[in-house]
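Read top to bottom, the protein sequences are chains A and B.
So in the UniProt record's numbering the end of the first sequence lands on 83, straight run, no missing numbers.
So in the UniProt record's numbering the end of the second sequence lands on 151, straight run, no missing numbers.
Below is one structure, written out as structure tokens; comments come after it.
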Amino acid sequence: MKIVYFAWVRERIGKAEEQVDVPDGIGTVADLVRWLKSRGEEYQYAFENEGIVRAAVDHTHVKPEASIAGAREIAFFPPMTGG
Amino acid sequence: MARTIRIQAEPFDAAAETGLLTKGRGDIGAVVAFTGLCRDEDGRLAALELEHYPGMAEAEIGRIAAQAESRWPLLGLTVIHRFGRIAPGEEIVLVLAASAHRQAAFEAASFLMDYLKTRAPFWKREHLKDGTVGAWVEAKEADDRATQRWG
Numbered sequence: 001m002k003i004v005y006f007a008w009v010r011e012r013i014g015k016a017e018e019q020v021d022v023p024d025g026i027g028t029v030a031d032l033v034r035w036l037k038s039r040g041e042e043y044q045y046a047f048e049n050e051g052i053v054r055a056a057v058d059h060t061h062v063k064p065e066a067s068i069a070g071a072r073e074i075a076f077f078p079p080m081t082g083g
Numbered sequence: 001m002a003r004t005i006r007i008q009a010e011p012f013d014a015a016a017e018t019g020l021l022t023k024g025r026g027d028i029g030a031v032v033a034f035t036g037l038c039r040d041e042d043g044r045l046a047a048l049e050l051e052h053y054p055g056m057a058e059a060e061i062g063r064i065a066a067q068a069e070s071r072w073p074l075l076g077l078t079v080i081h082r083f084g085r086i087a088p089g090e091e092i093v094l095v096l097a098a099s100a101h102r103q104a105a106f107e108a109a110s111f112l113m114d115y116l117k118t119r120a121p122f123w124k125r126e127h128l129k130d131g132t133v134g135a136w137v138e139a140k141e142a143d144d145r146a147t148q149r150w151g
């Protein structure tokens, strides 16, 4: 599964995208965040306040409880500041 | 309904876009145009840099446009959002809402801007006059409240 990061989430993790093999039992966006945080301090830093970071599955905004089953691309980013 | 959505680095011409939207149309009685510009924040900023999520930006703006079309009797809609480095005084975003009457056009343009600010995947970062890269712009609670008023 491809994970992409934007703005300061990208900077804190130190990469714009990565391909990951997610272990069994990771069913939701919140599960995925918990697993990513176990991979290193850069992820802990990016997700230090989980309530702030937003997620999208296949280009659609989702909540932490959303399923990631069958997802091609998951994105994490700060609250949006366009317009 | 004529719907145009573009994500681009290049500047746009609001008057020309309005002309394209209304050309040859006898049914449109109102066009509301909103242009968002880059401020210099009291002379502090050299530029804003806009990062976006290619693919999702188009998709999300399409969903926002579809919501506007379902809520108001629109006859045309244009949304152009720029990315990359934008200097003070330059345009960032254009929303055009066309309808037979003004009320729908005013409300739809306002709705579109509120949703663009809080839902479209764009992030602004400041570049300062002294040549340094400043902070990422923080999302404003007032923008969330403005979006929530639409229910």
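Where a beta carbon is used, it is the ideal one built from N, C-alpha and C, also for glycine.
Just so we're clear, the structure is a prediction, and the values are computed from it rather than from any experiment.
Listed in chain order, the non-local C-beta contacts of glutamate 91 of chain B below 6 Å within the same chain comprise Thr35, Leu37, local neighbours out to five positions each way being set aside. Residue environment for histidine 81 of chain B: buried (at least 16 other C-beta atoms within 10 angstroms of its C-beta). Checking the DSSP bridge columns, you'll see phenylalanine 122 of chain B partnered with B:His52. For valine 133 of chain B, the beta-bridge partners assigned by DSSP are B:His127.
For phenylalanine 111 of chain B, the three-state secondary structure derived from DSSP is helix. Cβ-Cβ distances below 7 Å link alanine 7 of chain A to Phe77, Pro78 in the same chain, with the five nearest sequence neighbours on each side left out; the list follows chain order. Only residues of its own chain outside the window of five on either side were considered, and among them Ala108, Phe111, Leu112 have a CB closer than 6 Å to the CB of alanine 68 of chain B, listed in chain order. Counting the other Cβ atoms within 10 Å of the Cβ of isoleucine 52 of chain A gives fewer than 16, which makes it exposed. Boundaries cannot be given for glycine 24 of chain B, as no alpha helix (DSSP H) includes it and DSSP labels it neither H nor E.
Counting along the chain, lysine 37 of chain A sits inside the alpha helix (DSSP H) bounded by residues 29-37. Here arginine 145 of chain B is exposed. Its C-beta has fewer than 16 other C-beta atoms within 10 Å.
Tyrosine 5 of chain A has A:Phe76 as its beta-bridge partners, per DSSP.
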